[in-house]
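K.L.:
First residue of the sequence shown: 5, per this note's numbering; consecutive thereafter.
Would you mind keeping the following structure in view while I ask a few things?
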Amino acid sequence: MIPVVVGIISRKNKEGKDEYLLVASKKNFGKFTGYYYPPGGHIEKGENEVSCLKREIKEELDLDVISCEKVAETTGDEPNQITFWYKCKVETY
């Protein structure tokens, strides 16, 4: 299985409702190009889920994850892929 991790990042808007951060890739991912999705990426060899999540969010968004909680584990959108979903709190500046 190819392991992928994604982070669910939310905040309250002025009305007190949750808003979620989604990103779109600038790379060509075939049929998935242009879709919006939570930030994340592939887990590299020797890396655990949390360290990967922190690295990916820092690389993609220049945000620091200060805490995270695993909320789901699902099949991926590609064959032989597993996705680990984490609810994240990030440091705001």
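Just so it is clear, CB atoms sit at the ideal spot from N, CA and C, and this is done for glycine as well.
Could you check where the alpha helix (DSSP H) with ILE6 kicks off and where it finishes?
P.N.:
Run containing ILE6: none in the alpha helix (DSSP H); it sits in the beta strand (DSSP E), 6–16.
K.L.:
Between CYS92, THR87, LYS93, which lies nearest to VAL8 when the distance is taken from Cα to Cα?
P.N.:
When each option's Cα is compared against that of VAL8, the closest is THR87.
K.L.:
Please state the DSSP three-state secondary structure of GLY20.
P.N.:
Coil, per DSSP.
K.L.:
Are HIS46 and ILE6 closer than 9 Å when you measure CB to CB?
P.N.:
The answer is yes: Cβ separation under 9 Å.
K.L.:
Going by other Cβ atoms of all chains shown within 10 Å of its Cβ, with 16 needed for buried, is LYS30 buried or exposed?
P.N.:
Answer is exposed; the Cβ neighbour count stays below 16.
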